[in-house]
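Here is the structure we will look at.
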Amino acid sequence: MKKIIGFTLLFSLLLLGACSSNDEAGESSESMDMATEQEMSEPNMAQDGDSLSEEKASPNSGNMMDNVQNQMMIYNADISLRTKDYDTFYQQLEKHMDKQKAYIVEANVNRQEHGQRNAHIRLRVPQENFQPFIDELGSYSDNIDSRNISGRDVTEEYVDLESRLAAKEKIEERLLAFMDEAEKTEDLIKISQDLERVQEEIEVIQGKMKYLENQSDFSTITLNITETKVNVPGLNEEELNTWEKTKQAFVQSLNGLTQFASWIMVILIGYSPVIFLIAIPVVWLLIRQRSKRKRENN
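In mature numbering (1 follows the signal peptide of the UniProt record, and there is no 0), the protein residues as written are -25 to -1, 1 to 273.
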């Protein structure tokens, strides 16, 4: 009988202990769920925002690659050529540029000791006209000494920028949502700072993307031009044209005579009162002397 009572008491104690453990576990689980919900509804604004930046979006890279229909390539060409007459070559180049929709971004022309010119011209041409432009250069240049063409595939770099931009824009949206829900001034200040930083990063990424787009849409061609026409040193058209020099000397002499006559007229008319006063006694003396000679002769 005592053994039965003992087993009954022991069983009752074990049953009570198990029930109390289940209650404590339930309360603990419920409190953790409430804390989690509170953390989700009230984000910790004391953090520096790095946790948001780490939560990058992970779009399907395959789909983004499909958006880039063709490879994004940047082409550059460096061409050295010679021409007999630079002026004639440049006129042909301008027509060529109009035809291929190219434009000059840099041009430097230097004249050498014997009158020959060297030019450095950098121009941009639409990518689809890149190769036709280079091929047509040989038709109006005397000789192409060297031609170096290089290309760089920036497709992967551009897709990476697209992924980073999508992630930053998602963070921007979340920060804007947090700003609408924030009630404390310090929370608003912190969110504003994080938002400003993210928006600056977005602008930087967009700038890089636009740069790659421009570089791939328009290829760069650098022309190094050497004029081969030889000019005789010390002689030019003005020195060789004797007739022109004769006409210039004749005109200069006429101008000198005209200036001298003008100077005489200015003196005679401008100083006529003074000349008149001086002339009266001179004329009187001459008349008197002439009269005296006549009397002596008689």
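Every residue gets a Cβ at the ideal spot worked out from N, C-alpha and C, and that includes glycine.
Bear in mind that the values here come from a model prediction, so they are computed numbers and not experimental data.
Can you tell me the Cα-Cα spacing of residue i and residue j, whole angstroms?
i                 : j              : result
alanine 236       : glutamine 227  : 14 Å
methionine 240    : lysine 70      : 60 Å
serine 167        : asparagine 199 : 52 Å
residue 296       : glutamate 178  : As shown, the chain starts at -25 and ends at 273. That puts residue 296 outside it, with no answer to give.
tyrosine 186      : alanine 141    : 18 Å
glutamine 234     : glycine 113    : 59 Å
arginine 265      : leucine 243    : 27 Å
glutamine 106     : isoleucine 196 : 10 Å
glutamate 14      : glycine 182    : Unreliable placement is indicated for glutamate 14, whose pLDDT of 36 sits below 50; no coordinate value is reported for it.
glutamine 102     : threonine 201  : 26 Å
glutamate 131     : valine 84      : 39 Å
phenylalanine 193 : valine 100     : 5 Å
arginine 270      : isoleucine 255 : 23 Å
leucine 151       : arginine 139   : 18 Å
lysine 220        : alanine 82     : 36 Å
valine 258        : asparagine 230 : 35 Å
tyrosine 115      : lysine 74      : 14 Å
asparagine 123    : tryptophan 218 : 50 Å
Whose C-alpha, out of the options, is nearest the C-alpha of residue i?
i              : options                           : result
asparagine 104 : Gln174, Gln67, Tyr246 and Lys76   : Lys76
tyrosine 61    : Ile96, Glu81, Asp53 and Gly126    : Ile96
methionine 154 : Glu144, Asp169 and Lys143         : Asp169
leucine 98     : Glu156, Leu232, Arg270 and Asn51  : Asn51
aspartate 135  : Trp218, Ile180 and Gln190         : Ile180
glutamine 46   : Leu261, Arg149, Trp259 and Arg127 : Arg127
glutamate 88   : Thr203, Glu148, Leu261 and Arg57  : Thr203
Tell me whether residue i is buried or exposed, calling it buried when 16 or more other Cβ atoms sit within 10 Å of its Cβ.
i                 : result
valine 249        : exposed
valine 129        : buried
aspartate -3      : Reliability fails at aspartate -3, whose pLDDT of 44 lies under 50, so the model's placement of it is uncertain and no value is given.
lysine 165        : buried
serine 16         : Residue confidence for serine 16 is low, a pLDDT of 39 falling below 50, so the modelled location carries little weight and cannot support an answer.
residue 284       : As shown, the chain starts at -25 and ends at 273. That puts residue 284 outside it, with no answer to give.
serine 121        : exposed
tyrosine 246      : exposed
threonine 63      : exposed
aspartate 25      : Low local confidence applies: a pLDDT of 41 at aspartate 25 is under 50, so the model's placement there is unreliable, and no value is given.
phenylalanine 251 : exposed
Using the DSSP secondary-structure output, state which residues sit across from residue i in a beta bridge.
i                 : result
asparagine 123    : Asp53
aspartate 128     : Met48
glutamate 202     : Thr58
phenylalanine 225 : Answer by DSSP bridge pairing: none, since phenylalanine 225 is not bridged.
serine 194        : Val100
asparagine 118    : Arg57
Any chance you could list the beta strand (DSSP E) runs of at least 3 consecutive residues sitting entirely within the region 35 to 116, in chain order? 48 to 58, 78 to 86 and 92 to 101
Ignoring anything shorter than 3 residues, give me the beta strand (DSSP E) runs that lie fully in the region 146 to 181, in order along the chain. none
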